[in-house]
Each structure stands twice: as C-alpha cells, then as structure tokens.
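Asks: Under the working numbering, the residues of the sequence shown are numbered 55 to 292, in order.
Just so you know, even glycine gets a beta-carbon here, dropped at the ideal spot from N, CA and C.
Computed from a predicted model, the values in this text were never measured in an experiment.
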Amino acid sequence: MPTPTPVPDSELANAVRALAMDAVETARSGHPGMPMGMADIAVALWNRHLRLIPNLDVWRPCDTVETAVAWAAAIERRDGPTALVLTRQNVPCQSRDQAAQAAIRRGGYVLADWPADTAAKRAVVIATGSEVALAQAARESLRGEGIAVRVVSMPCTDVFDRQDADWRAAVLPPGIARVAVEAGATDGWRRYVGAADDPRAAVVGLDRFGESAPAAALFQHFGITAEGVAAAVRRVVG
55 MPTPTPVPDS ELANAVRALA MDAVETARSG HPGMPMGMAD IAVALWNRHL RLIPNLDVWR
115 PCDTVETAVA WAAAIERRDG PTALVLTRQN VPCQSRDQAA QAAIRRGGYV LADWPADTAA
175 KRAVVIATGS EVALAQAARE SLRGEGIAVR VVSMPCTDVF DRQDADWRAA VLPPGIARVA
235 VEAGATDGWR RYVGAADDPR AAVVGLDRFG ESAPAAALFQ HFGITAEGVA AAVRRVVG
C-alpha cells in the first residue's frame, strides 16, 4: 500500500471550518465563530500536542457518569501535557439535583427566579453560555429598583421547542416582558421574546458586522453588558 501523502495543516484547518459551517447550517442552531477562528490552533494541538486516553469511559451522556472521573484521570497523568475539555452544557450536569438535571435536558430551564409572592414588576431574561453571567448581574442590579427578573438558560432551542406547551409556558410565562441576550445576531431570539415592534420585548445583541476590536471593547460599545441588559429590562417593563 502506498504511503499516503501528508495533508498540509492549512487544508485540514479549512476542512474543520467547512464542517463547522455545515453543522451549524444543518442544525439551525449554534454559531461557527470559534471553529472558524481557531481551526489552525485546533489542528496544531491535535497533530502535535494532545495525547488521548482512548479507554477513558467519560464520553457517555452526562447523567450516566460521574464527571469527576475525567478530572481525576487528567490530574493524575504524568506522561505529558493534558487537555481536558468540558463544554458549557456539560458543566451543569455535575449537579446532584436530579430535578435540575431533568430540567437542563429539556433545552431551557429557570436558572434564577423571582419570589413567588413578589408584587414587583416582572421580566424574563433569556441567555445561554457566557451571556448568562450578564443576565445574572442585571438581575442583581434591578432587584433594588423593584424589578424582579427570572433568568432562563436556554442551551438548546431545538430541544426546548420539542417540549410540551405546559413546560414552555412554565419556563416562559405568557404576558411577561422578555429580554434575550446574544453576543451575536439577534434574529433567532425573536420567536421567544416577541417582534421588534413589541414594546415588551427586546434583544441585546450584535446585528452589525465588520467591526474590529477586542471583545470587551465591542461589547461595551454595543451595550452587551450587564448595564445594557438592565436598561433593556427597564424599557420593556415600562
């Protein structure tokens, strides 16, 4: 059998980019930004630095394995550098609360709620990933203003959409003002918060492209901050 010709790293990186774009387009969910920008780094790590543990039994659904297993195996390795990757969706699965795990697996769930007997103005803020921190910070800042905020984490809109109407209404109660936070294009969130001309609906995000600056500077410029989220909540609750 002839020896295969090595594929240049640049071609491998472009293949990763193409697969990422196809995956996002097919799933109609997610964003290809990271694989597009970091494909070269991923190829370099895979080809030259990472060492795998093929018999490590941690790649099962998160509700069937203790994620501490992976940490222990990584920490105890002594034969070279270790890379351990847990996605943002994996991390909550370390919870011991079975009800919380069940809620997480339904695609969208209440992460922080308003008091059951509150008479304050109410709003729902929807976020996922790093944007959740902005929603939480906005919630805390609004508490002293008489505005109660429910923070909803929605790691997978497709799974949430497949849930029954009772669950969706329990997470996103009708008639309550809503704000979504997205460090990217906002169109996908409109079906959860309301139309652009709805005064009780808003999305904090980035719909203009071509800007170039460090992420923190861009977020500050476009208002993708805790204060920007709080300001949007103030507008929608009137």
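Which first and last residues belong to the beta strand (DSSP E) in which L260 is found?
Replies: For the purposes of this step, residue 260 is taken as residue 206 along the sequence shown, with counting starting at 1. Careful: L260 lies outside any beta strand (DSSP E) and carries neither H nor E.
Asks: Would you mind sorting M208 into buried or exposed? The rule is 16 or more other CB atoms within 10 Å of its CB.
Replies: Numbered from 1 along the sequence shown, position 154 holds the residue referred to as residue 208. With 16 or more other Cβ atoms within 10 Å, it is buried.
Asks: State the Cα-Cα distance for the pair L260 and P56, rounded to the nearest angstrom.
Replies: Here residue 260 refers to the residue found at position 206 of the sequence shown. Here residue 56 refers to the residue found at position 2 of the sequence shown. C-alpha separation (whole angstroms): 51 Å.
Asks: Among L99, W243, A191, which residue has its Cα nearest to the Cα of R82?
Replies: Working through the sequence shown from its first residue, we reach residue 82 at position 28. Residue W243 is the option with its Cα nearest to R82.
Asks: What is the DSSP secondary structure of S83, counted as helix, strand or coil?
Replies: Sequence index remark: in the sequence shown, residue 83 carries index 29 (1-based). In this structure, S83 counts as coil in the three-state DSSP scheme.
Asks: From A234 to R262, what does the alpha carbon distance come to, in whole angstroms?
Replies: Along the sequence shown, read from residue 1 onward, the residue named residue 234 stands at position 180. Along the sequence shown, read from residue 1 onward, the residue named residue 262 stands at position 208. Taking the straight line from one Cα to the other gives about 17 Å.
Asks: So what does DSSP say about L226, is it helix, strand or coil?
Replies: For the purposes of this step, residue 226 is taken as residue 172 along the sequence shown, with counting starting at 1. L226: coil per DSSP, three-state reduction.
Asks: Tell me where the beta strand (DSSP E) around R254 begins and ends.
Replies: Working through the sequence shown from its first residue, we reach residue 254 at position 200. Segment: none, R254 is in no beta strand (DSSP E) and carries neither H nor E.
Asks: Indicate the three-state DSSP secondary structure (helix, strand or coil) for A69 in the structure shown.
Replies: Within the sequence shown, numbered from 1, the residue matching residue 69 stands at position 15. Three-state DSSP puts A69 in a helix.
Asks: Among the residues of its own chain, which have a CB less than 7 Å from the CB of L302, if the five just before and after it don't count?
Replies: Because residue 302 is not part of the residues shown, which for the chain are 55 to 292, the question remains open.
Asks: On the three-state DSSP scale, how would you describe L272?
Replies: Here residue 272 is taken as the residue at index 218 of the sequence shown, counted from 1. In the structure shown, L272 sits in a helix (DSSP, three-state: H, G or I).
Asks: Note down, in chain order, each residue of its chain lying with its Cβ closer than 6 Å to the Cβ of V213, except the 5 sequence neighbours on either side.
Replies: On the sequence shown, position 159 is the one that residue 213 refers to. Cβ neighbours of V213 beyond the five flanking positions: G161.
Asks: Hey, could you find the ends of the alpha helix (DSSP H) R288 is sitting in?
Replies: In the sequence shown, counting from the first residue as 1, residue 288 sits at position 234. From DSSP, the alpha helix (DSSP H) with R288 extends over 280-291.
Asks: Going by C-alpha distance, which of V290, E79, V70 is nearest R254?
Replies: Looking up residue 254 in the sequence shown gives position 200. Considering only alpha carbons, the answer is V290.
Asks: Taking all protein chains shown into account, decide if V61 is buried (16 or more other Cβ within 10 angstroms of its Cβ) or exposed.
Replies: Here residue 61 refers to the residue found at position 7 when the sequence shown is read from its first residue. Exposed.
Asks: Quick one, are the C-beta atoms of A170 and I230 less than 8 Å apart?
Replies: Locating residue 170 in the sequence shown gives position 116, counting from the first residue. Locating residue 230 in the sequence shown gives position 176, counting from the first residue. No, the Cβ-Cβ distance between A170 and I230 is not below 8 Å.
Asks: What residue range is occupied by the uninterrupted alpha helix (DSSP H) comprising V213?
Replies: In the sequence shown, the residue the question calls residue 213 occupies position 159. Unbroken alpha helix (DSSP H) run through V213: 211-215.
Asks: According to the neighbour-count rule (16 or more other Cβ atoms, all chains shown, within 10 Å of its Cβ), is A95 buried or exposed?
Replies: By 1-based counting over the sequence shown, the position of residue 95 is 41. Reading the sequence as shown, one finds Ile at residue 95 and not Ala. That one is exposed.
Asks: I'd like to know whether the C-beta atoms of A98 and D63 end up nearer to each other than 8 Å.
Replies: Position 44 of the sequence shown, counting from 1, holds the residue named residue 98. Position 9 of the sequence shown, counting from 1, holds the residue named residue 63. Against a cut-off of 8 Å, the Cβ pair of D63 and A98 comes out as a contact.
Asks: By Cβ distance, which residues of its chain are closer than 6 Å to E199, with the 5 residues on each side in sequence left out?
Replies: As a first step, residue 199 must be located in the sequence shown, where it is residue number 145. Result list for E199: empty, nothing under 6 Å.
Asks: For chain D, check one thing: does any of its Cβ atoms lie closer than 8 Å to the Cβ of A255?
Replies: Going by chain labels, chain D is absent from the structure shown, which holds only one protein chain.
Asks: Label E292 either buried or exposed according to how many other C-beta atoms from any shown protein chain fall within 10 Å of its C-beta, with 16 as the threshold for buried.
Replies: Against the sequence shown, residue 292 aligns to sequence position 238. The amino acid at residue 292 is misidentified as Glu; the sequence shows Gly. Exposed, by the Cβ-count rule.
Asks: Curious, which full-length alpha helix (DSSP H) runs of at least 4 residues does the region 166-211 contain?
Replies: Segments of the alpha helix (DSSP H) lying fully in the region 166-211: 185-197.
Asks: Out of curiosity, what's the CA-to-CA distance linking A124 and L104?
Replies: Residue numbering aside, residue 124 sits at position 70 when the sequence shown is read from its first letter. Residue numbering aside, residue 104 sits at position 50 when the sequence shown is read from its first letter. Any reading at A124 needs caution, since the residue's pLDDT is 49, under 50, leaving its predicted position unreliable; the model's value is listed next. Whole-angstrom Cα-Cα distance: 15 Å.
Asks: Tell me whether T59 is buried or exposed, calling it buried when 16 or more other Cβ atoms sit within 10 Å of its Cβ.
Replies: As a working note, residue 59 is residue 5 in the sequence shown. Label assigned to T59: exposed.
Asks: What does the Cβ neighbour count give for P268, buried or exposed, with the cut at 16 atoms within 10 Å?
Replies: If you number the sequence shown from 1, residue 268 lands on position 214. By the neighbour-count rule (16 or more Cβ atoms within 10 Å), P268 is not buried but exposed.
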